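Residue numbers (our numbering): 619 to 1195.
All C-beta atoms in this analysis are idealised placements derived from N, C-alpha and C, irrespective of residue type, glycine included.
These numbers come from a predicted model, not from an experiment.
One structure below.
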RNA sequence: GCGCUUGUAGCUCAACUGGAUAGAGUGCCUGACUUCGGAUCAGGAGGUUCUAGGUUCGACUCCUAGCAGGCGCACCA
């Protein structure tokens, strides 16, 4: 039930009517006409820009046109209390109290579906996110993208789209060889008491490898660890398995579960890379050539080679991109092209990739390949999540990968918990860098938006508790005819924005709008609550049972929306804190 | 140098796919607990939305150019 959509439809209907009967001229598309939330200083519930959009084409002043439209609107709607035309030509509509009574009933009766866009086409999405190398635990850098992807999925699913969550496992290439060697040296450290080589920069230094090594030794008692070359294949598989187990644990503690894990190695061994390159070759997107040294590299160190290149410059990229290494192995990009071909073949309406800021430069390349593979019909959307700056004791602290002492997802969850991590990571637009202040995140005050919103829900729960009612169970509406105060109307207006918030979050893939909205709603609620301190009549539990019952329905409506939103964000709504 | 991205109150950020007098928190100042939960609330002060042009009835939002910060610019992944 989106009242803005409802009234937009009404307005358009009236326009068509006026156009056929009174000579109103309409443009080809009515898309520019909107129904919006008026600024709070106006005593009004919905506003529309219709008169300003149509004034030029009709050669009339916006205000004159607005008066005509306002009259027509008022005439066929008994729920409008008054309608006003305000410069530069907005039409503002104010509803009668009965409108809101109906509204509340509607939401209470359709608690589970309020906010869902019932008009739009439902799509089938594939979202790829996290996809961190299977060489160790997830760290803070992965965390934001992980949560972003998960909550985008939740928003889309809430809006009845179909979404498949996928993790691309980079289990092929040099990094994996180095990683496996590192595990091997840790095994030798244990079985042959040889020290781990500290001078080899290619090896992974992290302590977690010691656990990997021990686990592999324990569960492979018969394995002979003497000669690396004899066991490298098997050991690679075992090492990756260990890493993936750890990563899945990390994701699980963030509350994230992917539907599929797609192995790069399998794509390679199934010859999907060759096939896709054949295809590109036939369509003249691939050639043998040389690329120039990157600007960051000294020309002296750069060796120009002839190699297999993809014409990404045809699609706006800076340079063509290498597909094959000098040793004949595929580049990461080549197998990723195969992976995207694989995605395209599965016929999704949209492909979404969530990338970290440090991979943003990769977008042109991969979207070029999708364009080449799909004749520019691939509908790939890349979403970048900016860096997270960790702050403790008012100071930023950096993590250094070299020493292996970076902050892991585990560290984060242990310190601040899953709920706070999710809510705070999501509270800002993914386009801006995020300050993640440890002291702030665990603080229990208004400064911490998670608690502020949860507290709102807990307060409502406490009212129900006082009356021996259960907030979670359904509430009955019999003769409900609440006469709303101004404070209540303000809250109702905010509630009516919820479908708009979901729409924006869903269409623009901007889930931060949800925590922002919930915070605003909670803020209005806390003000409303405090009215009861000075004026006992404003309290929810009233001597008159009818008033108490009506107010409970009102509170139930608020808690429904809070609960919906918190579920999408993926955090709890405790009834006591 | 090139590409992407950000620039809004002292600080951290919002602003509904171009709407009206740009909003919150924090910090600073002042006030409210015998209460349905003070993890809260009320009030005050704080702005040339980086700059210069352009498009538009209307620009924080779109376009062009510049300035400043961040990220990236491999046969790595």
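(request) Using the DSSP secondary-structure output, state which residues sit across from residue 800 in a beta bridge. (result) DSSP output for residue 800 lists no bridge partner at all.
(message) DSSP three-state label for residue 1020, please.
(response) Because residue 1020 sits at a pLDDT of 49, beneath the cut-off of 50, its placement in the model cannot be relied upon, and the following sentence gives the value as read from the coordinates. Note: residue 1020 maps to coil in three-state DSSP.
(request) Pick helix, strand or coil for residue 1181, following the three-state DSSP scheme. (result) helix
(message) Helix, strand or coil, according to DSSP, for residue 1089 in the structure here?
(response) coil
(message) Is it buried or exposed, residue 938, if we count other Cβ atoms within 10 angstroms and call 16 or more buried?
(response) buried
(request) Could you check which residue in 763, 779 and 700 has the C-alpha nearest to that of residue 737? (result) 779
(message) Measuring only the C-alpha atoms, how far is residue 748 from residue 865?
(response) 10 Å
(message) Looking only at its chain, what residues have a beta carbon closer than 8 Å to the beta carbon of residue 1205, apart from the 5 residues adjacent to it on each side?
(response) Beyond the ends of the chain as shown, which are 619 and 1195, falls residue 1205; an answer cannot be given.
(request) Express the C-alpha separation of residue 1193 and residue 1080 in angstroms, rounding to a whole number. (result) 7 Å
(message) Measuring alpha carbon to alpha carbon, tell me which residue in 1156, 1153 and 1122 is nearest residue 735.
(response) 1122
(message) Below 8 Å, how does it come out for the stretch 639-656 and the stretch 673-682: are there three or more Cβ pairs, yes or no?
(response) yes
(request) With a threshold of 16 other CB atoms inside 10 Å of the CB of residue 1020, please say whether the residue is buried or exposed. (result) Any reading at residue 1020 must be qualified, since the residue scores a pLDDT of 49, below 50, and its modelled position is unreliable; the value itself is stated next. Under this definition residue 1020 is an exposed residue.
(message) Does the contact criterion of 3 or more C-beta pairs under 8 Å hold for the stretch 992-1001 versus the stretch 965-978?
(response) yes
(request) Could you tell me whether the stretch 715-725 touches the stretch 820-831, using the rule of 3 or more Cβ pairs below 8 Å? (result) no
(message) Please identify the residue among 755, 631, 773 and 1138 whose C-alpha is closest to the C-alpha of residue 1126.
(response) 773
(request) Could you pull out every residue in the same chain whose Cβ sits closer than 7 Å to the Cβ of residue 805, ignoring the five residues on either side in sequence? (result) 831, 834, 835 and 843
(message) Once DSSP output is grouped into helix, strand and coil, what is the label at residue 928?
(response) strand
(request) Could you work out which residue in 1162, 796 and 811 is closest to residue 858 when comparing CA atoms only? (result) 796
(request) Would you mind sorting residue 819 into buried or exposed? The rule is 16 or more other CB atoms within 10 Å of its CB. (result) exposed
(message) Please report the distance separating the alpha-carbon of residue 869 from that of residue 1027.
(response) 8 Å
(message) Tell me which residues share the same chain as residue 981 and place their Cβ nearer than 6 Å to its Cβ, disregarding the 5 neighbours each side in the sequence.
(response) 1000
(request) Please name the residue, chosen from 739, 745, 766 and 962, that lies closest to residue 777 on a Cα-to-Cα basis. (result) 739
(message) Out of 788, 958, 690 and 921, which one is the CA nearest neighbour of residue 744?
(response) 958
(request) Pick helix, strand or coil for residue 1073, following the three-state DSSP scheme. (result) helix
(message) Please report the straight-line C-alpha distance between residue 932 and residue 901, rounded to a whole angstrom.
(response) 13 Å
(message) Counting beta carbon pairs with one atom in the stretch 1083-1096 and one in the stretch 693-707, are three or more of them shorter than 8 Å?
(response) no
(request) Provide the residue span of the beta strand (DSSP E) that contains residue 906, from first to last. (result) 904-907
(request) Using only alpha-carbon positions, find the residue among 732, 756, 1085 and 912 that is nearest to residue 874. (result) 756
(request) Closer than 8 Å by C-beta to residue 654: which residues in its own chain qualify, once you throw out the five before and the five after it? Chain order, please. (result) 622, 664, 665, 666 and 667
(request) Figure out for me which residue from 1170, 1059, 908 and 793 has the closest Cα to the Cα of residue 926. (result) 908
(request) Label residue 1188 either buried or exposed according to how many other C-beta atoms from any shown protein chain fall within 10 Å of its C-beta, with 16 as the threshold for buried. (result) buried
(request) Keeping to the same chain, check which residues put their C-beta closer than 6 Å to that of residue 770; ignore five residues upstream and five downstream. (result) 1127 and 1129
(message) So within the stretch 724-766, which uninterrupted beta strand (DSSP E) runs reach at least 3 residues, ignoring any that extend past its ends?
(response) 742-746
(message) At the level of alpha carbons, what is the spacing between residue 1132 and residue 950?
(response) 36 Å
(request) Alpha carbon to alpha carbon, how far is residue 911 from residue 946? Give it in angstroms, no decimals. (result) 20 Å
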